[in-house]
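For what it's worth, our numbering labels the leading residue of the sequence shown as 46, then goes sequentially. Just below is one structure, and these are the notes that go with it.
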Amino acid sequence: MAKLKTQEVQKLNAYFLPKDFVIDDIPDEPEDTLKTWIAEFEADKYNALFHLGFLKKQEWFSPSIEYLHHITEILIKKLSQQPEIELNREAIQVDLLEDEIYQLKEELPFVIGMEHVDDKWILNLWEEILAVFKLEIKKYDGSVARYFAEYNANINVVGRVFFHLVENNEERYPFAFMATYSTKPVKSKRAVHTPLKNALEEFGGDEKKLLSLISTVIRAAEKSSFISELLESGELFSPLKLTADEAYTVLSEIEMYEEAGIMCRVPDWWRKSNNSLQMSVMVGEKEPSKVGLEAIMDFSPSLNIGGEKISEEELRDFLNMAAGLVQYKGKWVEINKRRLEAVLQAFEKVKDLTKDGALSLGEAMRLELNMNKLLDIPADEIDISVSNGQWLRRMKESLIQPSLIQEISIEPSLHATLRAYQENGYYWLNKMSQFGFGACLADDMGLGKTVQVIAFLEHYRVHKGGQVLLILPASLIGNWQKEIEKFAPEMNYQILHKSDLKASETLQIREGEFLYITTYGMAVRLEMLKNKQWDCLILDEAQAIKNPGTKQTKAIKEIPARMRIAMTGTPIENRLGDLWSLFDFLNKGLLGTTKEFKDFTKTLADNAAGYTKLRKMIQPFMLRRLKTDKSIIVDLPDKLEIKAYTTLSKKQIALYKQLIEQISEKLNETEGIGRKGLVLASIMKFKQICNHPDQYLAREEFKPEQSGKFEQLREICETIY
C-alpha cells in the first residue's frame with residue numbers, strides 16, 4: 046500500500062530588527078493555537094511572547110520563533126526556581142548571567158536579522174517579557190504557584206527548601222550536606238537561609254505549615270531512597286558528613302531534587318562540563334605543503350578529565366575502579382564506566398585514522414560538525430571536541446578578522462579610494478584566492494560590494510590574468526558596466542547576452558578578454574560556459590541559487606572554476622537548505638552532502654549548540670559587515686524614522702463599523718475565556734481592514750484608491766521617484 050504524503054506544516058517566522066522583532070510569513074490557514082497567538086501578538090507582542098513560553102514546542106515554530114520561545118522558557122524556569130518569589134511577587138528581579146547570554150548568542154539560529162542579536166538585544170527582550178510577568182502577578186489575587194499552574198500545570202514553583210553540598214577537609218568524610226529553608230525576617234527586605242531544623246521551632250505545633258514547607262522534600266523522598274532514609278531518621282534536619290559515595294548519590298540525583306522543587310547548591314566543578322571525561326582532536330598544528338580544501342592536515346587525539354590531560358593507560362586504570370567520585374591531581378572527577386568505555390573506543394578509532402594520515406582540510410573542518418557520526422558513536426555517550434592547531438587557528442583568525450591580513454597594494458589603475466573596511470574586504474578576497482577557497486562577500490546593501498570585487502579583479506588581472514566569468518541578474522548589467530568603466534577603465538570585458546548582439550550575430554566567447562558578464566538565464570542556456578576552466582566564477586545576487594533543486598542552480602554549479610565568489614546582501618534567510626546550496630557552490634563538500642546536512646539540521650531542535658559549530662565552520666568563508674556597525678562606517682547618519690498618520694477610505698470605514706457591530710453582538714452572547722479569544726481574533730481582522738479591504742475580504746484586486754495606506758504609500762513613492 047502506498048504511503049500517504051503528509052502535508053508540511055507552514056511555519057511562522059520572526060525577523061529580528063535592531064531593537065526587537067516582528068513576525069511575518071503568516072500561514073494562509075493557521076491552526077487555532079497559532080491564530081489565537083497571532084491575534085494576541087497584534088495586541089501586545091511581549092505579552093504574547095511571555096504566554097508562548099508556557100506552551101510546549103508547536104509544529105508551526107520556525108527556528109526564529111523557537112529561539113524566542115527558548116528565551117522565554119528560560120525566564121519562566123528561572124522565575125519558578127526563585128524561593129522568594131511568593132514573598133517578593135512583582136518586586137522579584139531575575140537576571141541573565143553573562144555565560145547565559147553568551148550561550149544564547151551561540152545558540153542563535155541562522156535567520157533574517159541574526160546580526161542584530163547582541164547582549165543589549167537579548168537583555169532588552171528579557172526585561173520586556175519580565176515586565177509582563179510583574180504586571181500580571183501584581184494584579185493576580187492568588188499565589189504565584191497557582192498563577193503558573195493556570196498556564197501550565199506541569200510547572201512546579203520551587204519551594205523554600207535548599208540542599209547544600211560542600212567539600213569537607215576530612216579524609217573519611219570529604220563532603221558535608223545540609224538542608225536549609227529561606228525565610229524573611231521582620232523588618233528585612235531580603236530573604237535569608239537558615240538550617241531546616243529551625244523550622245521545627247519557627248512553626249512550633251503548626252503541623253500544616255511545616256508540612257507545606259517540606260512538601261518538596263516529601264516529593265523528593267518518594268523517588269530517592271537516600272532522602273527518604275534521612276527524612277525518616279530525622280538526620281535531614283541537621284548538618285551531615287558524607288562519604289564520597291554518598292556525595293555521588295546526591296550529585297547523581299540533583300535533577301530529581303530540582304524537579305521536586307528543591308534548589309540545590311553544589312560545588313562548581315560538578316556543573317562544569319570539563320569535570321567529565323572528554324576527548325579532543327587537534328587539527329592543523331603544522332602548515333600543509335599546499336593550500337586549499339584538499340590540503341592534507343596533521344591531527345592528533347588527546348584525553349582530558351577535570352580539565353587535566355590523562356594518558357590512555359591512566360584511563361584504563363580507572364576502568365578497574367568502582368563508579369563514583371575519585372580524586373585526580375587534586376580534583377574530584379566522576380568515574381562513569383559506560384562513558385569510559387565509549388571514550389576508549391573513540392580514541393582507538395581516531396588513532397587508526399591518524400595512521401592513514403589522509404585527512405584533508407575540508408574533512409578536518411567537517412569534523413567539527415559530525416565527529417561523533419564519523420566515529421559512529423552517539424553524541425550523548427561522549428563529548429568529542431575538535432580544536433585547531435597553531436597554523437589552522439592563525440589561518441582562520443586572519444580570514445575572520447581581515448584587518449589582521451598583511452596589506453596588499455591596490456593597483457594604481459584602480460580609480461577608486463576605498464574606505465578602510467573596503468580595503469579589508471579587498472585583502473580578504475585576495476587571501477581567499479591565495480588559499481583557493483570559495484568566498485561569500487555578504488556586506489549589507491550599500492557598503493560597496495561591487496567596488497571591492499572590482500578592486501580584487503583589477504589586481505587579479507594585472508598580476509595573474511586569465512579569464513573570469515560574472516553571472517548576475519539582467520537588471521544589473523548596466524550598473525556593472527558603469528562601475529567597471531568608472532573604477533577600472535583598463536579592464537577589458539565582454540557582455541554575453543542577446544541584448545548586446547546585432548541581429549546577424551551569434552553569441553560567441555571572444556578570446557583575449559579578461560571578464561565575461563552574463564545573466565542567470567543565459568548561463569542556463571550557454572553550454573559553452575561549461576566547456577571552459579574559468580579562473581574565477583562570480584555570482585552577484587547569489588541568493589538566485591538558494592534552491593539546490595532548480596535547473597538554474599544545477600547548471601551554474603556545473604561551470605568549472607578554480608575560485609568562486611558569491612555576492613549577496615542576504616546570505617542567510619530562514620531555511621538552512623539555502624545556506625547549504627550556497628556553500629555547495631562555493632566550497633563543495635564543506636557542509637557534506639545534502640543528506641548529511643539534512644541529518645545534521647534535524648539535530649538542531651534538540652541540540653542548539655550545533656548552530657555554534659555551523660557558524661564557526663562557515664565564518665572564515667563569509668565576510669559580512671553592517672551599516673549599523675559604527676566601527677565599520679562612522680560618517681553614515683542614523684536612520685531617521687518618522688510616523689505617518691493616514692485616514693481610512695469610505696469602504697474601510699464601512700467595513701470597520703460593520704465589524705464593530707458584529708463583535709458587539711457576539712460579546713453579549715459570550716462569557717469567560719471565549720470573550721478574550723473573540724477580542725484577540727478581532728484585532729487581526731481590524732488590522733486587515735486598515736491595510737486594505739481586500740485583505741479582510743480575501744480578494745486579490747487591491748485597488749489603491751480603496752485603502753488610505755495604499756494612497757499614502759503612493760505619495761511617498763512618487764516623492765522618492
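Even for Gly, the Cβ is constructed at its ideal location relative to N, Cα and C.
Go ahead and pull the three-state DSSP assignment for residue i.
i	result
Tyr690	coil
Phe482	coil
Trp436	helix
Arg609	strand
Lys354	strand
Phe222	strand
Ser269	coil
Trp105	coil
Phe747	coil
Leu447	In the sequence on display, residue 447 carries Pro and not Leu. Helix.
Lys754	helix
Ser458	coil
Ile678	coil
Arg759	helix
Ser549	Bear in mind that a pLDDT of 48 at Ser549, under 50, signals an unreliable position, so the number given afterwards is only what the model happens to contain. Coil.
Asp585	strand
Leu412	helix
Ser347	strand
Lys183	helix
Leu685	coil
Between the options, which has its C-alpha nearest residue i's C-alpha?
i	options	result
Glu528	Lys286, Leu514, Gly511 and Ala500	Ala500
Gly306	Val496, Ser297 and Leu258	Leu258
Val237	Gln127, Gly187 and Ala59	Gln127
Asn58	Gln103, Ala88 and His542	Gln103
Val177	Ile137, Arg759 and His161	Ile137
Met366	Val336, Ile380 and Tyr373	Ile380
Val378	Lys317, Glu280 and Trp579	Lys317
Phe559	Ile610, Trp625, Ile604 and Glu503	Glu503
Val206	Tyr218, Arg191, Ala244 and Lys599	Ala244
Leu360	Asn592, Pro219, Lys179 and Leu389	Leu389
Pro219	Val162, Leu62, Glu74 and Gln372	Gln372
Gly773	Ala190, Lys242 and Asp488	Since the first residue shown for the chain is 46 and the last is 766, residue 773 is missing from the structure and cannot be characterised.
Thr261	Asp164, Glu303 and Lys286	Glu303
Leu693	Phe645, Lys754, Ser676 and Glu330	Lys754
Met324	Glu267, Phe193, Glu393 and Met667	Glu393
Val202	Leu712, Glu131 and Ala409	Glu131
Gln707	Leu723, Gln697 and Glu716	Leu723
Ile698	Ile677, Cys735 and Met667	Cys735
At what residues does the beta strand (DSSP E) containing residue i begin and finish?
i	result
Thr638	Taken as a continuous stretch (DSSP letters only), Thr638 belongs to no beta strand (DSSP E), as it is neither H nor E.
Ile68	Phe66 to Asp69
Ile427	Careful: Ile427 lies outside any beta strand (DSSP E) and carries neither H nor E.
Val569	That residue, Val569, is in no beta strand (DSSP E); its alpha helix (DSSP H) goes Tyr565 to Arg570.
Tyr517	Looking at the sequence itself, residue 517 is Leu, so the reference to Tyr does not match. Looking at the DSSP string, the run of the beta strand (DSSP E) that includes Leu517 is Val513 to Leu517.
Gln323	Leu322 to Val328
Lys286	Leu285 to Leu287
Round the Cβ separation of residue i and residue j to the nearest angstrom and send it over; I've been treating them as touching at under 8 Å.
i	j	result
Lys80	Ala726	7 Å
Phe628	Leu621	Not really, about 11 Å apart at Cβ, beyond 8 Å.
Phe771	Val326	Outside the shown range of the chain (46 to 766) lies residue 771, about which nothing can therefore be said.
Gly481	Met608	7 Å
His737	Gln751	7 Å
Leu94	Thr117	6 Å
Thr228	Pro240	Their Cβ separation, rounded to whole angstroms, is 11 Å, which puts Thr228 and Pro240 out of contact at 8 Å.
Going by DSSP, what residue range makes up the alpha helix (DSSP H) through residue i?
i	result
Glu247	Asn243 to Glu247
Trp315	Asp313 to Arg316
Thr657	Ala654 to Ile663
Leu649	From DSSP, Leu649 is part of no alpha helix (DSSP H); its letter is neither H nor E.
Leu149	Glu143 to Glu151
Leu742	Pro738 to Leu742
Asp251	Asp251 -> no alpha helix (DSSP H), and no H or E assigned at all.
Arg506	Lys494 to His508
Just list the residues that DSSP pairs residue i with in beta bridges.
i	result
Ser227	His238
Gly369	Ile380
Cys309	Phe208
Ser405	Ile341
Ala59	Ile68
Gln539	Tyr561
Pro333	DSSP output for Pro333 lists no bridge partner at all.
Trp579	Ala606
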